[in-house]
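K.L.:
Before anything else, here's the structure in question.
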Amino acid sequence: MTMWASMGAVALVLTACSDDSDDTAASSSSDEQSPLEEYMGGMYSSGFGNRAVSSVGSEDREMSEEERQNFQRFEELVAECMQEEGFEYVPRSADDLESANSEFEEAFALEPEEFAEEYGYGFTTLMAGNEEEPADPNEEIREDMSETEREAYDRALWGDMTGTEEAVSEEGAEQTAPPEPPAPEDRGCQGQASAEVYEQSEGESVDMRDFDGLMSDVSALQERIRSDPRLEDAVSEWQHCMADGGYPDFEHPDDAEQSVLQRMNELYTASQEGEDGGSSGMMTNPFDELDQEELAEIQEYEVDVATVDYACQQEHYLETYREVAFEMEEEFVEQHKEELEQFRDEVVQRGGQG
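Numbered per full-length UniProt numbering, the sequence shown spans residues 1 to 354.
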């Protein structure tokens, strides 16, 4: 499991908590929402770069009283569970959570060009957290432990995240198949508390895995848009522009942001390897033990390549891409309207906006 799979959840939460007002940062861009964005929000964008950059932005929104109560109950249950496991856990308050989100709100309030110049795509530059925030007492507790104690603490908090199935292709290459989601009792104190507070409170709430087929169809749509012959000239012009900007090796606009993810995954994987070459598999903060000098280099690279990418897409690619994407998305929405409405309603419900 890469760190970026879990980061997708952040975009979902921010999307669910976004305000739909015409005054939001999402609408401050001159680009209107695409047909699919209207249903999928920040999880999908027909715009530039990181999907969160162009569609997640939101104005300040305080948590509702129900959300605050649910979050407080969740934290209390985690603390009780951890105490039963023999560990100390300090419950966070809703105020702590809102404070932690403040940097995201400020960042996503920027126009896309400003965002690119300051945060790149938002992959490595935002996920490291805000150094000005008060120290997390639970992280301090964890850091004071020995390696063995820390592994036990992580296992109690998150459960065992190592359960991936390995398969071998016809060519003999080892592949990793996604595991079945573990039961709440196997997801540690966090998973158990989440199941009790959020999953059970939804009653007849839809299992998000019911939308796996829809997600596969969306991915297939994205690939069809990406390979549409009407984009060939725009892609070629974008390539020349990127080469002039110092990046001659990219063949497609997706390659620029993927190059950042590849570098970050390599650094993250290296940091997780133990002395024996194995990985603990624990779901800890992915930025805790990274080489900070290497991370800074990747962050600098991300900002630079994203700034060039944004300018090149605006000048040579994005207008044509959106014309093609809007046309194909409209057809997709007509064919999947009921599923998309169910998905949108479920995301909003889980975000507490109902």
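Yeah, the Cβ is synthetic: ideal placement off N, Cα and C, and Gly gets one too.
Pick out whichever of Asn138, Glu105, His252 and Glu139 has its Cα sitting closest to the Cα of Leu126.
P.N.:
The option with the nearest alpha carbon to Leu126 is Glu105.
K.L.:
Assuming Val333 and Leu36 make a contact with CB atoms under 8 Å, what is their CB distance in whole Å?
P.N.:
Their Cβ separation, rounded to whole angstroms, is 7 Å, which keeps Val333 and Leu36 in contact under 8 Å.
K.L.:
Below 6 Å CB to CB, which residues in the same chain sit around Glu237 once its five sequence neighbours on both sides are set aside?
P.N.:
Hits under 6 Å: His316.
K.L.:
Going by beta carbon distance, what residues of the same chain come within less than 6 Å of residue 414, once the five residues before and after it are set aside?
P.N.:
The structure shown does not extend to residue 414, since the chain is modelled only from 1 to 354, so the question has no answer here.
K.L.:
My output table needs one value for Met127: the three-state DSSP class, helix, strand or coil.
P.N.:
Coil, per DSSP.
K.L.:
Between Gly246, Pro253 and Ala195, which lies nearest to Arg226 when the distance is taken from Cα to Cα?
P.N.:
Of the listed residues, the one whose Cα sits closest to Arg226 is Pro253.
K.L.:
Excluding five sequence neighbours on each side, which residues of the same chain lie with their C-beta closer than 6 Å to the C-beta of Glu275?
P.N.:
Below a pLDDT of 50, predicted positions are generally treated as unreliable, and Glu275, at 40, falls in that range; the measurement from the model is reported next regardless. Excluding sequence neighbours, Glu275 sits near nothing in its chain.
K.L.:
To the nearest angstrom, how far is it from the Cα of Cys81 to the Cα of Asp249?
P.N.:
Their backbone Cα atoms lie some 51 Å apart in a straight line.
K.L.:
By alpha-carbon positions, which one of Gln314, Cys312, Pro229 and Ser219 ends up nearest to Met40?
P.N.:
Checked all of Gln314, Cys312, Pro229 and Ser219; the closest Cα to Met40 is Ser219.
K.L.:
What's the C-alpha gap between Asp210 and Glu140?
P.N.:
Rounded to the nearest angstrom, the two C-alpha atoms are 39 Å apart.
K.L.:
Looking at the secondary structure, which residues open and close the alpha helix (DSSP H) in which Leu77 lies?
P.N.:
First-last of the alpha helix (DSSP H) with Leu77: Glu65 to Glu84.
K.L.:
Under 7 Å between the Cβ atoms of Leu77 and Ala193?
P.N.:
Contact flag set, yes.
K.L.:
Where do the N-terminal and C-terminal ends of the alpha helix (DSSP H) with Phe211 fall, by residue?
P.N.:
First-last for Phe211: undefined, no H or E at that position.
K.L.:
Any idea if Gln292 is buried or exposed, counting beta-carbon neighbours within 10 angstroms, 16 or more meaning buried?
P.N.:
Gln292 comes out exposed.
K.L.:
Please confirm whether Thr320 and Ala234 have their CB atoms less than 7 Å apart.
P.N.:
Going by C-beta atoms, Thr320 is nearer than 7 Å to Ala234.
K.L.:
Taking Arg150 as the reference, give the member of Gln313, Tyr89 and Phe326 with the closest Cα.
P.N.:
The candidate whose alpha carbon is nearest that of Arg150 is Tyr89.
K.L.:
Please state if the CB of Leu290 and the CB of Ser271 are separated by a distance shorter than 7 Å.
P.N.:
Cβ distance < 7 Å, so Ser271 and Leu290 count as in contact.
K.L.:
Run the CB neighbour count on Ser216, radius 10 Å, all protein chains shown included, and call it buried at 16 or more, exposed below.
P.N.:
It is exposed - the Cβ of Ser216 has fewer than 16 other Cβ atoms within 10 Å.
K.L.:
Buried or exposed for Ser34, please, with buried defined as at least 16 other CB atoms from any protein chain shown within 10 angstroms of its CB.
P.N.:
Burial call: buried.
K.L.:
Once DSSP output is grouped into helix, strand and coil, what is the label at Ala311?
P.N.:
Correct three-state label for Ala311: helix.
K.L.:
Apply the 10 Å Cβ neighbour rule to Gln190 and answer buried if 16 or more other Cβ atoms are within range, or exposed otherwise.
P.N.:
By the neighbour-count rule (16 or more Cβ atoms within 10 Å), Gln190 is buried.
K.L.:
In whole angstroms, what is the alpha-carbon distance linking Phe71 and Val197?
P.N.:
Going by the C-alpha atoms only, they are around 8 Å apart.
K.L.:
Exposed or buried, Asn138, counting other C-beta atoms within 10 Å across all chains shown (16 or more means buried)?
P.N.:
When all chains shown are included, Asn138 counts as buried.
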